[in-house]
Each structure stands twice: as C-alpha cells, then as structure tokens.
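Colleague: So the number in the working numbering is just where the residue sits in the sequence shown, counting from 1, plus 842.
Each residue gets a CB set at the ideal place from its N, CA and C atoms; glycine is no exception.
In this text, all values refer to a predicted model and were calculated from it rather than measured experimentally.
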Amino acid sequence: MRLITVPIFLILFFVFPGISKTDTVIIPGMVTITASVREAPPGWAVKQRHLIKTINEAAPIYLEKYTYRGGTMRESRKLDDDYENFISWPLFYMMGGDEKILDWGLQEFNAITRQWTYQRQKSVYKEFVKQYD
C-alpha cells in the first residue's frame, strides 16, 4: 500500500502545486451565507454548551469509577451492556465534546472486546459475538 501511496502523492503534488488548504473550492450551485449581525445565542444553545462542558468533566470521573486503567470494566455482567455504556461517546464528540471523549470511547470498545475475548467467558471470537454468528 505504501508503494502506491507515495507515487500518487508525488503526482498530485506536482500536477496541482498551487492548491493549498486556504484556497476556496468553488462548487456550482452552492449557496454562500454570510452573517452580518452578531446576536446573543439562543437559550437552548447556552444550555447545550453547559451540558457538553459538564459531560466533558464527568467522563474521566466515570472512567475512574467503573473501569480499570487499561479500560476493562470493573463490574461486567453482559457483553452488550458493557458496549452500551460507551456507544454514544463518539456521537457526543461529534456534537462538540472534547476529543478525549472520542479517544476514550475507542479505548473502551477495544478494552471490552479484549475483556470478553480473553478474560471473560470467551464470548467474542474475531470481534464477533459467538451467539449471533
């Protein structure tokens, strides 16, 4: 894969040398909206930002209480419940949460998969739940 990637990068670099991240890309038919008046944010947006800040602060406390250092669950009952504890963390990141939330969500997915593959009842095989195959 690396042998293919390098020549493609070099071709793009020499064929399109003037394109940079700051250049504007023109898309036919795309409407441009420009704000001209600055106003106070709506109340719901202020509350949402406060909620995001609160969840960002609560996440490490939650991890410390319910997971071990490597990410495995302290109390683990059912496989699907363990995954469901963290299923919305990447979505929360996409909505404005801290990037650490995304990293922790991925860490927990890998840790729970590892925990149920090797440490628990060996319910996971090649990242799939055995009972569902």
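Determine the extent of the alpha helix (DSSP H) in which Y960 is found, giving its start and end residues.
Modeller: The sequence position of residue 960 within the sequence shown is 118, counting from 1. From DSSP, Y960 is part of no alpha helix (DSSP H); its letter is neither H nor E.
Colleague: Can you find the residues in the same chain that come closer than 6 Å, C-beta to C-beta, to R943, ignoring five residues on each side of it along the sequence?
Modeller: Taking the sequence shown and counting its residues from 1, the one referred to as residue 943 is at position 101. With the sequence shown as reference, residue 943 is identified as Ile, and Arg is not the correct amino acid for it. Hits under 6 Å: A901, W931, F934 and Y935.
Colleague: Within 10 angstroms of its Cβ, does Q957 collect 16 or more other Cβ (buried), or is it exposed?
Modeller: For the purposes of this step, residue 957 is taken as residue 115 along the sequence shown, with counting starting at 1. Classification of Q957: buried, given that the 10 Å Cβ count is 16 or more.
Colleague: Buried or exposed: where does T914 fall if 16 or more other Cβ atoms within 10 Å of its Cβ makes it buried?
Modeller: Working through the sequence shown from its first residue, we reach residue 914 at position 72. With 16 or more other Cβ atoms within 10 Å, it is buried.
Colleague: Take Q961 as the anchor and find which of L905, N927 and L921 has the nearest alpha-carbon.
Modeller: For the purposes of this step, residue 961 is taken as the residue at position 119 of the sequence shown. If we check each option's Cα against that of Q961, L921 comes out closest.
Colleague: Determine, using beta carbons only, whether G947 and I894 come nearer to each other than 7 Å.
Modeller: By one-based count along the sequence shown, residue 947 stands at place 105. By one-based count along the sequence shown, residue 894 stands at place 52. Not a contact, by the Cβ cut-off of 7 Å.
Colleague: Can you tell me the Cα-Cα spacing of L905 and S878, whole angstroms?
Modeller: Taking the first residue of the sequence shown as position 1, residue 905 is located at position 63. Taking the first residue of the sequence shown as position 1, residue 878 is located at position 36. Distance between the alpha carbons of L905 and S878 is about 43 Å.
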